[in-house]
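In this note's numbering, the protein residues as written are 18 to 145.
Working notes for the structure below.
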């Protein structure tokens, strides 16, 4: 219920830090915070540690990435196409979509969009 705007890969460190420190101020908290997470939540944990929250006591990072520019979002510099599927799936939950748009999304075939954009054989090496 925050008033922020979600932007993948943009605010994980700051948001994670703020969350840890907010939890530490709650009357039911001892002030020692532990985090746990898999996948994206593990990514958030890795990011928040870069800001060294004073109340963070321990973490269990399970199957998360440390650097989205080197792994998961990209492999060897190439964008991982699985993220397009993730984005398309997530788009279906956008409260700003019209009913027509919401019904059209499941019919999208990413192969139709990708096919004319993929490099031809040998075209991705960048050499001369």
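A virtual CB, placed ideally from N, CA and C, is assigned to each residue, including glycine.
{"Check": "Assumed close pair residue 80, residue 56 - CB separation to whole angstroms, cut-off 8 angstroms", "Outcome": "6 angstroms"}
{"Check": "Same chain, Cβ closer than 8 angstroms to residue 97, neighbours up to 5 away in sequence not counted", "Outcome": "89, 90 and 91"}
{"Check": "4-residue-minimum alpha helix (DSSP H) runs that sit fully inside the stretch 29-65, ordered along the chain", "Outcome": "29-41"}
{"Check": "Terminal residues of the alpha helix (DSSP H) in which residue 127 lies", "Outcome": "127-131"}
{"Check": "Residue range of the alpha helix (DSSP H) that includes residue 105", "Outcome": "99-108"}
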